[in-house]
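To start, the structure itself, in structure tokens.
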Amino acid sequence: PLHLLLSTLLGEEGLQYSVPGMKKESFMTTLSIFRSIKCSKDAVDANKTKTLHAICDLGILIAKRLCPDQINVSENQTVPLPAQLYATVQNDQNENPVV
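The numbering of the sequence shown is the working numbering, which starts it at -1 and goes up by one.
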């Protein structure tokens, strides 16, 4: 399901090819969401945080695979996440650095 969703957002057939710059914007927004989640923990069930981080790692890898021409993009955006679902953690508490 994650690959299907990302291929729809970042794949060859989407809107991003009819609008200039849309593929890069979609790629950067997707990575920003995954990176923001990686810098957070599950506010509802802290036991699910490692699973969320693993899904984000997979999502980042899939997005980079779908958009190999965008891999070298170094812009970093932050995406505000809903406080009811995610709690911010300190950078030193993350077991894996953000990719």
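Ideal Cβ placement from N, Cα and C applies to all residues, glycine included.
Identify every residue that forms a DSSP beta bridge with residue i.
i   : result
T47 : Beta-bridge pairing links T47 to no other residue.
K39 : A85
Whose C-beta lies closer than 7 Å to the C-beta of residue i among residues of the same chain, with five residues either side of it excluded?
i  : result
S5 : L64
Have a look at residue i and residue j and give me their C-alpha separation to the nearest angstrom.
i   : j   : result
N92 : K48 : Any reading at N92 must be qualified, since the residue scores a pLDDT of 46, below 50, and its modelled position is unreliable; the value itself is stated next. Looking at the two C-alpha atoms, the distance is approximately 10 Å.
L82 : A44 : It is worth fixing the name first, because residue 82 is Gln in this sequence and not Leu. Rounded to the nearest angstrom, the two C-alpha atoms are 13 Å apart.
Which of the three DSSP states, helix, strand or coil, is assigned to residue i?
i   : result
T27 : helix
T86 : strand
V97 : Bear in mind that a pLDDT of 46 at V97, under 50, signals an unreliable position, so the number given afterwards is only what the model happens to contain. Residue state, collapsed to three classes: coil.
T76 : coil
Output needed for residue i: all residues of its chain with C-beta closer than 6 Å, excluding positions within five of it in sequence on either side, in chain order.
i   : result
L2  : none
R84 : Reading the sequence as shown, one finds Tyr at residue 84 and not Arg. S38, A41.
Quick one: what's got a C-beta closer than 8 Å to residue i's C-beta in the same chain, skipping five residues either side?
i   : result
V87 : C37, S38, K39
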